[in-house]
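In order, the protein sequences belong to chains V and A.
Mapping of the first sequence onto the UniProt record's numbering: residues 1 to 671, in sequence order.
Mapping of the second sequence onto the UniProt record's numbering: residues 1 to 268, in sequence order.
Note that CB positions come from ideal geometry on N, CA and C, so glycine has one too.
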Amino acid sequence: MNPHRKRAKTVDRVDSADSALVSSESTQMRPFPSKPLSVDRVKSVESSESGRMRPFKDKILFVDRVDSVESSESSRTSQFSDKISGFDRADSVEARVDSAGSTRMSRFPDEVLERVLALVDSHKDRSAVSLVCKEWYNAERWSRRHVFIGNCYSVSPEIVAARFPRIRSVTLKGKPRFSDFNLVPEDWGADVQPWLSVFSTAYPFLEELRLKRMAVTDESLEFLAKKFHGFKALSLLSCDGFSTDGLKAIATHCKNLTELDIQENGIDDLGGHWLSCFPDSLTSLEILNFASLNSEVSFDALEKLVSRCKSLRVLKVNRNISLDQLQKLLSHCPQLMELGTGTFMQELISGPVTEFKNMFSNCRNLITLSGLWDATPLYLPVIYPACARLTFLNLSYATLRSDELSNLLSHCKSLRRLWLLDTVGDKGLEAVGSCCPLLEELRVFPADPFDQEILLGVTESGFVSVSRGCPKLRYVLYFCRQMTNAAVATIAQNCPDFTHFRLCIMNPGQPDYLTKEPMDEAFGAIVKTCTKLQRLAISGLLTDRTFEYIGKYAKNLETLSVAFAGSSDLGMEYVLQGCQKLRKLEIRDCPFGNAALLSGLTKYESMRSLWMSACNVTMNACRVLAKERPRLNVEVMRDEEGGDDSQANKVYVYRTVAGPRKDAPPFVLTL
Amino acid sequence: MSMPLEHDYIGLSDASSLERSSVSSNTSSEDATNNVFTLKATELSLGLPGFGKNCEEHATNFGSTVKNYMSGAKRGFSDVNIGKNKSQQLISSSDVKPVEEKKGPVSEKGSVPPSAKAQVVGWPPIRSFRKNTMATNLPKSAEGNLGSGECLYVKVSMDGAPYLRKIDLKIYRNYAELSKALEKMFSCFTLGQCTSNGQEGLNESNLKDHLHGSECVLTYEDKDGDWMLVGDVPWEMFIDSCKRLRITKGSEAIGLAPRLMDKCKSRN
């Protein structure tokens, strides 16, 4: 039919314009694609894998994470008129083609479109949607309720508020990941208050806030509690700067709180009184996690809280809660789906263990179990009745031995996710392989990471045993002290579905302990076999060959963590050239220098961020990068000690539409 | 540059003189080759396991990274200065104050100083919360062959047995394990069955039941010289005060037995 053919032409024209733009690498934004307005097309835009579409698709994906909104935003603001006119032109072509002038799919009333789009949840879909045309862009922005901002400095709260007027839920991530390991000084930034201030006027009905690696003060928490009247869910992971006083404010003022999730933060624990601040009228709590807080809370207050919150489905208590107390709590909330226990042993035996035998027998919905501090073989059997239904078991704070684990796991046939300490040893991992065929995720943490003398822990053979018994493994985090290339190759063969492979050989630069060769072939095997790999963390003695493999084969790789690896700039260059989907690259203590840094000049805007510390990068190279790419923030962290002023020891590069940081501390230079 | 401090932190004290003699600034990449050679010489004293003789052929490859790691480590230390807290070193030495310990005296991880070998900031990549938590967990985890140093051998006597035994109390974590071990050890001497029935878990009352069932009573002599019934006090307290053990049988047990019977009856 005529109309279709004409439409196709329009599309072709735009596409080829795209490719022209892409190849010239101009910083202009591409024009809107004038695609026929059907949902099928939207999906195909998103899923298109062709190289020509590649960078453009990045932009699409970009929008959903607002750290990508920037580049489309900035282009919009500067070139919106062009876009509109371009679009009008295409529009008019279509109108002409549409002889009858009847309403095509593109002429949905806005409200209907919004309603339909409100059902679109996935970030990727939403970003694709917003790039279809002006109407869809508007419909998407009005119907969006949740925004995910992967880097809080990539966009400003004002921009977000301007684009999305009806947000109810925000996820914000702040500091670079290496701040978890003390590589980022305090006071670096990522303060949540500027966001809250803007949100208090733009989103007074904000309901959910999830923060990761942000700086949060008690004042901010109080502000949050008081200014947002319908506030429901707060989740703080790896944040710092606040104390339990801030939690008091939340407990006191948030009348509709459904979720309070405090995980692994750098928090000043001033006592457990915050829990007692929940008013008696609060019955809406569904998720309560205070496992990482150290102070004792009032058990009485906790018990009453748990009793009156009938919708409670996640409860994770801290270590101070005893077994007796846990039993009482469980009697009030048998509907729990996720439980984090307190200490799992009693010193003063008040009664036989059989007394606890029924603790879990009423918990028919329990699928996640964690905590289990100090669990010993005497008390572990208490959880056996619940084991058959468990899908996630977190034993990473229980120092179990292999036989203890083996006994436990024989009851856990449904496990999908398992976190362990390496005290279980290779024998324990054999038990994992034989008992948990459905296992998809395994994390093995070191019980004693800093003692070089200890030869305990897990080795390559434990990992191989698991891989044999658990072919569905897709996520692994493994800390060990020795590994071989052959073992990893076997593991890759056994588990080709890996999406996340994080191997940490704890001694930096350690080779294959049998052959003494570098671990290149190990990671080569992984990237060759596991085509779905999204996240990779490498360790051990590694040459540029590893990176050659990664660049050549890891086509779906999005996150790469590198430490003490590589021989020359080539390594980093391989990765930057080869890994099309790379979003986050973090590098420490590698011999990559200026050439490597600058080889990614055209790539960094399609990534969320780059971290390079203790490499060979100089200030001059950073300045060049900053000059060539004005839409990147190139930040260098200075040491206090003298050092060589020309070296850039810690470099953090990220794309942004918000311009240079206004709140940078003195040791952070934005070039 | 304030070298001495950093060397203490990094533990490169052996390498310090060699390093100084090499003179070249660690941070300049042109000096990489120079550094490689001097670093080769100092490799062992950097003390990272896995380096050393086995890796010499790869030293050139890694030399520059070692250099970087060193410089990284130095900078890491200055970050410690800036950061004021949460560094590895601080953790190992001062540590874990927030954790309230209701348990018995727990030797902090800090009492075992960081090994003389190098520790790099932020490596292995483990979050502070886990590091702090494990530091308090470890003294409890009784891996039997962990060199935690002390053993606590006490004599175990059984009435009527021709010889005594000695056991190391440190390798058991609770009464259940002790009772199992004693059963095994003295099975040849006991009449009747002392084996556990495979109940869900042993505890003190079961222990006493079993021993009662075979007319045995497990007692210990404490620091004051008094003979006490095993199982009344927390495990940690028990191994602190126990000087020797005695499995009482026969007529002597009868004197204690009625009390046990009462206890059992009240439990059942």
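- Short of 6 Å from the beta carbon of C435 (chain V), and not among the five residues preceding or following it, lie these beta carbons of its own chain, in chain order: L409, S410.
- Contact between L625 (chain V) and L598 (chain V) holds, with the beta-carbon distance rounding to 6 Å and staying under 8 Å.
- Contact annotation: in the region 177-191 of chain V, residues whose CB is within less than 7 Å of a CB in chain A are F178, D180, F181, N182, L183, P185, E186.
- Separation of G425 (chain V) and T133 (chain A) (C-alpha to C-alpha, rounded to the nearest whole angstrom) is 20 Å.
- By the criterion of a C-beta distance shorter than 6 Å, L576 (chain V) is surrounded in its chain by S599, G600, K603, once the five residues flanking it on both sides are discounted.
- Note: D268 (chain V) is bridge-paired with V:S243 in the DSSP secondary-structure output.
- Distances from the alpha-carbon of P124 (chain A) to those of V:E338, V:F667, V:R588, V:Y153 put V:R588 closest.
- In this structure, the CA atom of S465 (chain V) is about 43 Å from the CA atom of D232 (chain A).
- Measuring C-alpha to C-alpha distances from P511 (chain V) to each of V:Q482, V:T490, V:V120, V:H500 identifies V:Q482 as the nearest.
- Under the 8 Å criterion on CB atoms, A161 (chain A) is classed as non-interfacial with respect to chain V.
- No Cβ of chain V is located within less than 8 Å of the beta carbon of F238 (chain A).
- Between E558 (chain V) and K532 (chain V), the C-beta spacing is not below 8 Å.
- In the displayed model, N320 (chain V) falls within coil according to three-state DSSP, outside both helix and strand.
- With a contact defined as Cβ atoms closer than 8 Å, S361 (chain V) and P385 (chain V) qualify at about 5 Å.
- For the set V:F299, V:W373, V:A388, the Cα lying nearest the Cα of R364 (chain V) is the one of V:A388.
- Between the C-alpha atoms of P381 (chain V) and I538 (chain V) there is a straight-line separation of about 37 Å.
- When DSSP states are grouped into helix, strand and coil, I126 (chain A) belongs to the coil group.
- Close partners of T133 (chain A) in chain V (Cβ separation under 7 Å): Y397.
- From the listed residues V:D125, V:L183, V:E114, the smallest Cα separation to V636 (chain V) is found for V:L183.
- For M158 (chain A), the enclosing beta strand (DSSP E) stretches over residues 153-158.
- Within its own chain, the residues whose Cβ lies closer than 7 Å to the Cβ of R623 (chain V), once the five positions on either side in sequence are excluded, are L671, listed in chain order.
- With a threshold of 8 Å between beta carbons, D218 (chain V) makes no contact with chain A.
- Relative to the Cα of P508 (chain V), the nearest Cα in the group V:F479, V:L421, V:G230 belongs to V:F479.
- CA-CA distance, S406 (chain V) to N494 (chain V), rounds to 22 Å.
- The Cβ of P449 (chain V) sits closer than 8 Å to at least one Cβ of chain A.
- Under the Cβ criterion of 8 Å, I171 (chain A) is not counted among the residues facing chain V.
- Within the same chain, and ignoring the five residues on either side of R535 (chain V) in sequence, the residues whose Cβ sits closer than 6 Å to its Cβ are H500, T559.
- Annotation for D663 (chain V): G189, D191 place their beta carbon closer than 7 Å to its own, counting only its chain and skipping 5 residues before and after.
- Rounded to whole angstroms, the gap between the alpha carbons of L669 (chain V) and G659 (chain V) is 13 Å.
- Between M519 (chain V) and N649 (chain V), the alpha-carbon positions lie close to 26 Å from each other.
- Within chain V, S238, Q263, E264, N265, G266, S292 have C-beta atoms less than 9 Å from the C-beta of F129 (chain A), given in sequence order.
- Restricting attention to V:L541, V:C579, V:G540, V:F564, the CA atom closest to the CA of Y549 (chain V) is found in V:C579.
- With fewer than 16 other CB atoms across the displayed protein chains lying within 10 angstroms of its CB, T201 (chain V) is exposed.
- By a beta-carbon distance limit of 8 Å, S154 (chain V) does not contact R629 (chain V). Their separation comes to about 14 Å.
- In this structure, A621 (chain V) and N594 (chain V) form a Cβ contact; the two beta carbons are roughly 4 Å apart against a cut-off of 8 Å.
- Partner residues in a beta bridge of Q327 (chain V), as assigned by DSSP, do not exist.
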